[in-house]
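All residue numbers for the sequence shown refer to the numbering used here, where the first residue is 5 and numbers rise by one.
Here a beta-carbon is modelled for each residue, glycine too, at the ideal position from N, C-alpha and C.
Just below is one structure, and these are the notes that go with it.
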Amino acid sequence: MNDKQYEPQILTVSQINQYLKTQFDHDPNLKQVAVRGEISNYKCYPSGHHYFSMKDADGVLSCVMFRSSAQTLRFVPKNGMQVIAFGRITVFPRDGRYQLYVDFMSMDGVGDLYAAYERLKEKLDKEGLFDPTHKKPIPAFPERIALITSASGDAVHDMIRNLGIHWPMAKVLVLSVRVQGEKAPAEMVGALRYANRWKVADVIIIGRGGGSIEELWAFNDEQLAREIYASEIPVVSAVGHEPDVSLSDYVADLRAATPTKAGEVVVPDQKEMYNHLNQLKLRLGRVMQEKLRRQRLQLQRLEGSRVLQDPTAYIKDKRLVLDFQQDKLLHALERNVAQHRRRHAMACAALDSLSPLKVLARGYALAQTEDGTILTSVKGIETGDQLKLTLSDGTLSCHVTERKQNNGSEEENI
């Protein structure tokens with residue numbers, strides 16, 4: 005029995021490229037790589053994506069840096085420049101070639117600086133120097149502005165010019181310092197302390213124009229960052245170009261993308277304020293006109309009111325009310341007196357009907373002993389006792405000569 009001949013699986017080009025991409029994507033050694041080399045064939049397209057190659061003496065590697073990553077560049081890439089690129093290597097299925105997708109790129113030689121920058125940034129962040137709750141608000145209408153920068157650089161002229169255009173009412177004080185080199189951080193720290201000690205400004209702008217990472221390194225100084233954090237006066241950091249981000253930017257109360265922008269973010273625009281005031285003026289005018297209209301209508305109503313036409317009308321009306329209330333009170337008193345009279349008469353009649361004199365008038369008499377005790381029985385009375393009889397028209401003194409009870413028995417006669 006003959007072995008069956010092996011037949012390989014037939015794949016399309018796209019399947020092969022996709023398979024290779026999967027293999028690259030699952031290789032941990034290719035997910036995060038740092039490549040040192042020389043830039044060549046560098047092109048930046050209108051889309052913002054950067055395409056170039058990195059080469060050394062023995063090889064070439066295709067590279068792409070998308071716009072979102074390219075915005076973090078602190079330098080302008082050029083052919084022949086030695087760089088270190090960080091990213092991942094994978095296959096582009098359409099072309100079937102592998103390339104380096106660059107997330108971050110620095111000039112060769114600044115890698116140590118970048119590592120130190122990241123370590124210090126992490127340290128200060130953990131200490132809370134970047135905490136947004138600590139950041140002080142920038143005054144809406146600063147009267148005095150201090151610029152801590154080099155008096156000979158272009159940045160100071162841009163800031164002064166922009167401040168003059170937007171808010172010429174503010175007084176600008178330039179505290180000239182070095183902005184690069186070993187002595188720069190100490191001079192900027194001293195300027196910050198001076199500004200806070202003597203309260204020379206309502207807001208401080210500290211910064212300089214663009215440059216390489218080495219030229220901007222003074223703004224990554226730890227002591228300078230702590231001094232900005234401790235400043236009682238609000239601090240605006242304006243260092244380099246928009247992609248340049250220093251530690252002073254993180255710790256400052258506000259970051260301006262460029263020194264030119266700093267002159268716009270710390271003061272209001274006088275044209276906008278003028279327009280705003282004009283709008284308020286128009287609104288105030290409309291409000292006042294409406295209020296005058298309402299007051300005028302109210303005045304017209306008052307002019308036609310009866311109280312102004314006849315000032316005594318109010319008194320007359322009240323007098324009528326008083327007369328009405330007086331009559332009402334008198335009638336109420338009369339009714340009350342009549343009611344009490346009727347009650348008195350009824351009480352007198354009832355009392356009169358119960359009077360003993362009425363009983364005596366019908367022929368009855370009231371018998372009393374000499375001490376005034378009323379007799380209700382013959383018991384206790386002896387012949388010879390003296391009694392008093394009260395009749396309807398007077399009294400009689402009597403002498404008991406005989407005592408007889410109701411049963412007819414006769415006890416004693418005199």
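Selection from the options that minimises the alpha carbon distance to residue i
{"i": "Tyr145", "options": "Asp99, Leu337, Gln343, Gly267", "result": "Tyr is not the amino acid found at residue 145; the sequence shown has Phe there. Comparing Cα-Cα distances from Phe145 to each of Asp99, Leu337, Gln343, Gly267, the minimum goes to Gly267."}
{"i": "Met192", "options": "Ile210, Asp29, Lys130", "result": "Ile210"}
{"i": "Thr373", "options": "Gly367, Ala365, Lys383", "result": "Lys383"}
{"i": "Asp366", "options": "Ser381, Arg339, Thr394, Arg347", "result": "The sequence given here has Arg at residue 366, not Asp. Of Ser381, Arg339, Thr394, Arg347, the residue nearest in Cα terms is Thr394."}
{"i": "Val404", "options": "Asp397, Glu386, Gly398", "result": "Glu386"}
{"i": "Ala195", "options": "Glu186, Ser180, Leu220", "result": "Ser180"}
{"i": "Ile208", "options": "Asp162, Gly214, Val239, Glu226", "result": "Val239"}
{"i": "Gly388", "options": "Glu406, Ile378, Asp375, Thr399", "result": "Glu406"}
{"i": "Tyr121", "options": "Pro136, Asp273, Asp248, Gln36", "result": "Asp248"}
{"i": "Gln274", "options": "Gly168, Tyr23, Gln19", "result": "Gly168"}
{"i": "Ala369", "options": "Lys320, His161, Gly398", "result": "Gly398"}
{"i": "Ser44", "options": "Arg298, Gln343, Asp60", "result": "Asp60"}
{"i": "Ser381", "options": "Asp327, Gln409, Pro32, Leu355", "result": "Gln409"}
Contact under 8 Å by Cβ, residue i with residue j
{"i": "Ala242", "j": "Ala188", "result": "no"}
{"i": "Asn21", "j": "Pro143", "result": "no"}
{"i": "Arg71", "j": "Gly52", "result": "yes"}
{"i": "Ile88", "j": "Phe28", "result": "no"}
{"i": "Ile217", "j": "Leu65", "result": "no"}
{"i": "Thr264", "j": "Asn166", "result": "yes"}
{"i": "Glu42", "j": "Met69", "result": "no"}
{"i": "Gln103", "j": "Cys67", "result": "yes"}
{"i": "Arg230", "j": "Asp112", "result": "no"}
{"i": "Gly244", "j": "Leu220", "result": "yes"}
{"i": "Ala159", "j": "Arg212", "result": "yes"}
{"i": "His138", "j": "Val271", "result": "no"}
{"i": "Leu391", "j": "Ala371", "result": "yes"}
{"i": "Ser401", "j": "Leu364", "result": "no"}
{"i": "Ala317", "j": "Arg310", "result": "yes"}
{"i": "Ser252", "j": "Leu228", "result": "yes"}
{"i": "Glu246", "j": "Ala261", "result": "yes"}
{"i": "Val95", "j": "Lys25", "result": "yes"}
Bridge partners - residue i, DSSP secondary structure assignment
{"i": "His403", "result": "Gln390"}
{"i": "Lys175", "result": "Arg148"}
{"i": "Gly267", "result": "Bridge partners of Gly267: none, in fact."}
{"i": "His348", "result": "Paired residues: none, contrary to the question."}
{"i": "Ala190", "result": "According to DSSP, which records beta bridges pairwise, Ala190 is partnered with nothing at all."}
{"i": "Gln86", "result": "Glu42"}
{"i": "Thr373", "result": "Leu391"}
{"i": "Thr153", "result": "Ser180"}
{"i": "Val207", "result": "Ile149"}
{"i": "Ile378", "result": "Gln372"}
{"i": "Gly398", "result": "Leu395"}
{"i": "Arg165", "result": "Beta-bridge pairing links Arg165 to no other residue."}
{"i": "Arg212", "result": "Val243"}
Any C-beta of chain B under 8 Å from that of residue i
{"i": "Arg197", "result": "Absent from the structure: chain B. Only one protein chain is present."}
Contact test: residue i Cβ vs the ligand MG heavy atom, cutoff 7 Å
{"i": "Leu77", "result": "As far as ligands go, the structure on display features none, and thus does not contain the ligand MG."}
- Completely contained alpha helix (DSSP H) runs for the stretch 234–265, where each covers 4 or more residues: Entirely contained in the stretch 234–265, the alpha helix (DSSP H) runs reaching 4 residues are, in chain order, 251–255.
- Task: Would you check if the stretch 165–185 and the stretch 135–150 touch, i.e. whether three or more CB-CB distances between them fall below 8 Å?
- Result: With a cut-off of 8 Å, the stretch 165–185 and the stretch 135–150 count as touching, because enough Cβ pairs lie within range.
- For the stretch 222–237 and the stretch 253–267, state whether three or more C-beta atom pairs, one from each stretch, are separated by less than 8 Å. These segments touch.
- Query: Is the stretch 99–107 close to the stretch 60–80, with three or more CB pairs under 8 Å?
  - Reply: Yes: the two stretches touch, three or more of their Cβ pairs being nearer than 8 Å.
- Can you list the beta strand (DSSP E) stretches of 3 or more residues lying completely in the stretch 89–129, in chain order? Qualifying beta strand (DSSP E) stretches, in chain order: 101–111.
- Task: Say whether the stretch 297–305 touches the stretch 186–203, bearing in mind that this needs 3 or more beta-carbon pairs closer than 8 Å, one atom from each stretch.
- Result: By the Cβ rule, the stretch 297–305 does not count as touching the stretch 186–203, because fewer than three pairs are nearer than 8 Å.
- Task: Would you be able to state if there are at least three C-beta pairs under 8 Å between the stretch 43–62 and the stretch 81–89?
- Result: As far as the Cβ criterion goes, the stretch 81–89 touches the stretch 43–62, which means the pair count is three or higher.
- Query: Per the contact definition of three or more C-beta pairs closer than 8 Å, is the stretch 291–298 in contact with the stretch 272–282?
  - Reply: The stretch 272–282 and the stretch 291–298 do not touch, with fewer than 3 CB-CB distances between them shorter than 8 Å.
- May I ask you to verify whether the stretch 119–135 touches the stretch 153–161, counting CB pairs closer than 8 Å and requiring at least 3? No, the stretch 119–135 does not touch the stretch 153–161.
- Which runs of the beta strand (DSSP E) fall wholly inside the stretch 25–78 and span at least 3 residues, in chain order? Listed in chain order, the complete beta strand (DSSP E) runs (minimum 3 residues) inside the stretch 25–78 are 37–48, 54–59, 64–69.
- Item | Uninterrupted alpha helix (DSSP H) stretches inside the stretch 275–357 (no shorter than 4 residues) | Whole alpha helix (DSSP H) segments, 4+ residues: 310–313, 317–357.
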